[in-house]
Structures are given as structure tokens and as C-alpha cells.
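Colleague: One structure follows; several queries about it will come next.
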Amino acid sequence: MLQNKAAVVTGAAKGIGFAIARTLVEHGARVVIADIDTAAADQAAKALGGESAAIAVGCDVTDPEAVAAAVRACTEAFGSLDVMVNNAGITRDATLRKMTEGDFDAVIAVHLKGAWLGTRAAAEVMREQGSGSIVNISSISGKVGMIGQTNYSSAKAGLVGLTKAAAKELAFRGVRVNAVQPGLIRTEMTAALREDIWNAKVAEVPMGRAGEPEEVANTVLFLASDLSSYTTGCVLEVAGGRFI
Ligand code: NAD
């Protein structure tokens, strides 16, 4: 489905990002693993088969130069940039009473500004190519708002606005921009949750279980490929029916 296509996936050293990178590679794409954790990114690229399939680039998505360099690495190594997945993320959960400005700024910077920088850098290339698919990883936390996540819910809701505005700007150049809102997915990020909180979240899911990173990756594959050729500015939930 992605033969001769090249992709950048941010935050792809592990978790959902790694699953996305692996799925894109399985479907023929070559992928730049852009992650702040350079050692883990190197390992991830090796695990995906090395240079013919994936290369690692150390990249802090809050740094405009680093994001531009990741995109450049893709066009230089693979000749194009067909898919950009803005996935890198962190959490700094706390109630409003306890959340510091630093916690707020850090989460907005990585998720919202990072995705804006990624969208801007990818659009530069894709506009000229006349084709491309940008996928922003939001969260259902941005749809419903979650206690302890005023920073994260703000950033993830902001990503929806970014996605729709960019989709309108880029559609006439053949570039599509969509967002995915995962629910509770089993990764290191959610492994940090207390067991009673994890169980309470699972109880909210009509399908009765957490999702796996591969299930998010398959939805990204759909948005990245021509299967979704007439879909732009859209938000797809991958949440087992939670908060519909
Ligand atoms: P994770 O913590 O397992 O992986 C996040 C990756 O992002 C790591 O490899 C980390 O090194 C990288 N990263 C962090 N800050 C970075 C930065 N400044 N620049 C570049 N890379 C950076 O997290 P995950 O669960 O795989 O989450 C991936 C995305 O999916 C995030 O955007 C997250 O908000 C979103 N999401 C996750 C869930 C879930 O349940 N796990 C649900 C909804 C949305």
C-alpha cells in the first residue's frame, strides 16, 4: 500500500509511534524514526531492518531546526516525503491546583507546537510534490477533557483545530491532513497509571478492553495510504467506543 513512499514518524522509538513505523514499513514505506531518545531511535530503526527500511534521527519536536532536519533526512535518504505522522508526546498530569506553568508549557510545546512544526515542515515539501498525507495523533482526552489533564486535553483539542485549518490550506495542492484520537492504548505512557485508575478506564470502554498500539497504527495506515484518498480534515477515533 505504501510502496516507494517515504515517511517521518515522530516519537517512533517506542509505543504507538514504533507500531506506526513498523506498520508503514510492513506496507512498503521507508521511515525516518524521529525521536528525542536517540539511542532508542537507533534500536528501533535496526529492529525495522536498518537503512533500507528505516533510519533514526535524534529530534526534539519542539525545536524548529530539528524538525526541519528530520524532514530533510527523509527527502535526502529516500527521495520524497509522502507521509508525516506527528506522534511524539509526553504527559505531565496534575489537577489545576497542582499543575505548574512548566507542566502546562511542556505539554503544549511537545504536542501542539511540535505537531505544528511538523505540519509546517512537511507541507513545505508536500506542497511542491503535489501530494502527501499528514496524520496528527490527538487523543479522546482532547474530545471530552479529562481530570488532571488540563494541559494535555488543551493540546490534544488544539491538534484538531490545527488539523482542520491545515487541511483547508493544503487540500488544493493534493495534501491531506487528518487526526487520530486513540483511547486507552497499552504503552509505557499508560503503564504508569495506577491499577485502580487503569481498571476504571477499561470499565468505560464499551468493547471492554484497552487497545493495542497496532490498532492505532492500522488506522494511521488507512489515513497515510490512498485508501483514504478523499478524506481530509477528519478525526478518527480508535477508542473501542469510549466516549462516543
Ligand atoms: P510513549 O511514551 O510510549 O512514547 C512517546 C515517544 O515520544 C517516546 O519514544 C519519546 O521518547 C518520544 N518523545 C517525547 N518527547 C519528545 C520530543 N520532544 N521530541 C521527540 N520525541 C519525543 O507514548 P505513547 O503512548 O506511544 O503515545 C504516543 C502518542 O499517542 C502521544 O502523542 C500520546 O499523547 C498519544 N496517545 C496515547 C494514548 C495511550 O493510551 N497510550 C492515548 C491517546 C493518545
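For the sequence shown, my numbering begins at 178 and goes up steadily by one.
Note that beta-carbon positions come from the ideal geometry of N, C-alpha and C, so glycine has one too.
With a Cβ-Cβ cutoff of 8 angstroms, do THR239 and GLY291 count as a contact?
Modeller: Along the sequence shown, one-based indexing puts residue 239 at 62. Along the sequence shown, one-based indexing puts residue 291 at 114. Result yes, Cβ atoms of THR239 and GLY291 sit closer than 8 angstroms.
Colleague: With ALA198 as the anchor, note down where its alpha helix (DSSP H) starts and where it stops.
Modeller: Reading the sequence shown from its first residue, position 21 is the one you call residue 198. ALA198 -> alpha helix (DSSP H) spans 192 to 203.
Colleague: Enumerate in chain order the residues of its own chain whose CB-to-CB distance from THR252 is below 7 angstroms, with the five nearest sequence positions on each side excluded.
Modeller: The residue you call residue 252 lines up with position 75 of the sequence shown. Result list for THR252: LEU258, VAL302, in chain order.
Colleague: State the Cα-Cα distance for the pair TYR407 and GLY351, rounded to the nearest angstrom.
Modeller: As a position in the sequence shown, residue 407 is number 230, starting the count at 1. As a position in the sequence shown, residue 351 is number 174, starting the count at 1. TYR407 and GLY351: Cα-Cα distance of roughly 10 angstroms.
Colleague: With a CB to CB cut of under 6 angstroms and the five nearest residues on each side skipped, what residues in its chain are close to VAL284?
Modeller: Along the sequence shown, read from residue 1 onward, the residue named residue 284 stands at position 107. Same-chain partners within the cutoff: ARG269, ASN328, TYR329, ALA332.
Colleague: Per the DSSP calculation, PRO359 is bridged to which residue(s)?
Modeller: What you label residue 359 is simply residue 182 of the sequence shown in a count that begins at 1. For PRO359, which the question treats as bridged, DSSP gives the partners VAL415.
Colleague: How far does the beta strand (DSSP E) with VAL234 in it extend, from its first residue to its last?
Modeller: The residue labelled residue 234 in the question sits at position 57 within the sequence shown. Taken as a continuous stretch (DSSP letters only), the beta strand (DSSP E) holding VAL234 covers 231 to 235.
Colleague: With the cut-off set at 8 angstroms, would you say SER310 and ALA211 are in Cβ contact?
Modeller: In the sequence shown, counting from the first residue as 1, residue 310 sits at position 133. In the sequence shown, counting from the first residue as 1, residue 211 sits at position 34. ALA211 is positioned such that its CB atom lies no closer than 8 angstroms to that of SER310.
Colleague: Heavy atom of ligand 1 less than 7 angstroms from the Cβ of PRO241, yes or no?
Modeller: Your numbering for residue 241 matches position 64 in the sequence shown. No; taking the cut-off as 7 angstroms, the Cβ of PRO241 has no heavy atom of ligand 1 nearer than that.
Colleague: How would you write the range of the alpha helix (DSSP H) that ALA246 sits in, first residue to last?
Modeller: For the purposes of this step, residue 246 is taken as residue 69 along the sequence shown, with counting starting at 1. Run containing ALA246: 241 to 255, per the alpha helix (DSSP H) assignment.
Colleague: Give every residue of the same chain whose Cβ lies closer than 6 angstroms to the Cβ of LEU289, excluding the five residues on either side of it in the sequence, and list them in chain order.
Modeller: The residue labelled residue 289 in the question sits at position 112 within the sequence shown. Closer than 6 angstroms at Cβ, skipping near neighbours: ALA332, GLY335.
Colleague: Measuring straight from C-alpha to C-alpha, what distance separates VAL287 and ALA344?
Modeller: Position 110 of the sequence shown holds residue 287. Position 167 of the sequence shown holds residue 344. Answer to the nearest angstrom: the Cα atoms are 21 angstroms apart.
Colleague: Pick helix, strand or coil for ASN264, following the three-state DSSP scheme.
Modeller: Reading the sequence shown from its first residue, position 87 is the one you call residue 264. It is coil, neither helix nor strand.
Colleague: I'd like to know whether the C-beta atoms of ALA245 and ALA189 end up nearer to each other than 8 angstroms.
Modeller: The residue you call residue 245 lines up with position 68 of the sequence shown. The residue you call residue 189 lines up with position 12 of the sequence shown. No; because the gap between Cβ atoms is not below 8 angstroms, this pair is not in contact.
Colleague: State the Cα-Cα distance for the pair CYS411 and ALA356, rounded to the nearest angstrom.
Modeller: Position 234 of the sequence shown, counted from the start, is the residue given in the question as residue 411. Position 179 of the sequence shown, counted from the start, is the residue given in the question as residue 356. One C-alpha to the other measures close to 6 angstroms.
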